Amino acid sequence: MISSLLLTFILGMHISLCVSQATNGHKFEIKATVPLPSTDFKPLFTVDDSKAKFHQCFFLCERNQQCIGVEICKIKEGLFRCQACCEWKKVKKYTTLLGASNCTYYEQDLVYGANLALNKTATLSTQEDFSTASSNAVDGITVCPSIEFVAASIFTRDSWLSIQLESTYSIRMVVIYARTDWHAYEADHTRVIVSGDNFNYPCGGEYPGPTQENDVIDFLCAAGTVGSNITILKRPPHDEHLTVCEVEVFGKLYP
Ligand SMILES: [Ca+2]
72 MISSLLLTFI
82 LGMHISLCVS
92 QATNGHKFEI
102 KATVPLPSTD
112 FKPLFTVDDS
122 KAKFHQCFFL
132 CERNQQCIGV
142 EICKIKEGLF
152 RCQACCEWKK
162 VKKYTTLLGA
172 SNCTYYEQDL
182 VYGANLALNK
192 TATLSTQEDF
202 STASSNAVDG
212 ITVCPSIEFV
222 AASIFTRDSW
232 LSIQLESTYS
242 IRMVVIYART
252 DWHAYEADHT
262 RVIVSGDNFN
272 YPCGGEYPGP
282 TQENDVIDFL
292 CAAGTVGSNI
302 TILKRPPHDE
312 HLTVCEVEVF
322 GKLYP
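The working numbering puts the first residue of the sequence shown at 72, with every later residue one more than the last.
Here's what the structure looks like:
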C-alpha cells in the first residue's frame, strides 16, 4: 500500500530506496533521488504540506490520467513539497543513490502499447528543404544526426506538423524526439493539439525548451482527449524552424 511507502520515508530523515511499490494496481518505482530540474518537466500541480498528508498527492495522481509520477522533496523540517508529474516531461535517467538529496521522484510503471503514428500520413505547413519531408517524423527512425533525417519547416512563425491517424483514438501521450545535434533547440516552443470532428484538445501544455541534443519529450494528455489528428504547433516569439526527428502517439481506439 502507498501508506507503507510513505511511512517508510516519513520515519527516516531520507526517503527510502524501495525499488518499487504497488498501490491499487498502480506501481510506482523510484526514478530519481535528486531534484528533477525545472527545465525537465512541467508539474500538473504542487502541494506544500506537512509530511502527514502526502498520501493525498499519490491519491490524486492515481486518479489523473496525465499523472505518471510524483516528486516529493523535503523543504525543511516538517514541510514537504509534492509535485505531480506532468504536463510534459523529458525522458531522462537520473541518480538513484540513497541520500543523494532530499528529493525522491516516483514514476508509475505504465504500458502504452503500439505507436499509432508510425508510417501514417504527415503534413508540414511548409518544408525547409527537399530532404526535410514530413514523412521523416513518422518513419520510426528516432536518431537524427543531420538534416536529411528530420521533418522541418521553413524559418517562420506558426509552423505546424500534422499527423493523420486514420481512425479516432483516445490519446494518452504524444512523444517528440528532437534532433541529435546542436539544432535540437528547433523543437522549442511547441504545443500538441489533438483534434477530431469539431473539437481541439491541448495535450501537455506549452513546451518552452530549452531542448538539448537527444532530448525526448513526453506530452501527457488529460482524460477525454479524443481525436484522429495530431498537430505539433510551433508558437515561437521569433521566427524559428519547427524541426523534429520523430513523433510517436499512444492511445486506444475510441470508443
Ligand atoms: Ca524519424
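From the three backbone atoms N, C-alpha and C, an ideal C-beta is built for every residue, glycine too.
Since the structure is predicted, the reported quantities are computational estimates derived from the model, not experimental observations.
> What are the partner residues of Asn271, as DSSP defines its beta bridges?
Replying inline: When DSSP reads this structure, Asn271 sits in a beta bridge with Ser266.
> Under the DSSP definition of a beta bridge, which residues are partnered with Cys174?
Replying inline: Bridge partners of Cys174: Cys144.
> Beta carbon of Asp252: closer than 7 Å to some heavy atom of ligand 1?
Replying inline: No, since every heavy atom of ligand 1 falls outside the 7 Å radius drawn around the Cβ of Asp252.
>> Which same chain residues end up closer than 7 Å to Val70 when comparing Cβ atoms and leaving out the 5 residues on each side of it in sequence?
In response: The displayed coordinates of the chain run from 72 to 326. Any statement about residue 70 would go beyond what the structure contains.
>> So if DSSP puts Ala103 in a beta bridge, which residue, or which two residues, is it bridged to?
In response: Ala103 pairs with Tyr176.
>> So the candidates are Gln137, Glu317, Gly322, Glu148; which of them puts its Cα closest to the Cα of Ala193?
In response: Here the closest residue by C-alpha is Glu317.
> Quick one: what does DSSP say Thr110 is sitting in, helix, strand or coil?
Replying inline: Thr110: helix per DSSP, three-state reduction.
> Taking Cβ to Cβ, would you say Asn135 is nearer than 8 Å to Leu115?
Replying inline: Against a cut-off of 8 Å, the Cβ pair of Leu115 and Asn135 comes out as a contact.
> Hey, is the region 221 to 239 in contact with the region 190 to 210, meaning 3+ C-beta pairs nearer than 8 Å?
Replying inline: Of all C-beta pairs linking the region 221 to 239 to the region 190 to 210, three or more are shorter than 8 Å, placing the two stretches in contact.
>> For a quick check, are the C-beta atoms of Val209 and Leu189 less than 8 Å apart?
In response: Yes.
>> List, from N- to C-terminal side, the alpha helix (DSSP H) runs of 4 residues or more that fit wholly inside the region 238 to 323.
In response: Entirely contained in the region 238 to 323, not one alpha helix (DSSP H) run reaches 4 residues.
>> Out of Gly267, Arg262, Asp268, Thr175, which one is the CA nearest neighbour of Pro279?
In response: Nearest C-alpha to Pro279: Arg262.
>> Alpha carbons only, please: which of Glu284, Glu257, Asp268, Thr302 is nearest the one belonging to Asp310?
In response: The candidate whose alpha carbon is nearest that of Asp310 is Glu257.
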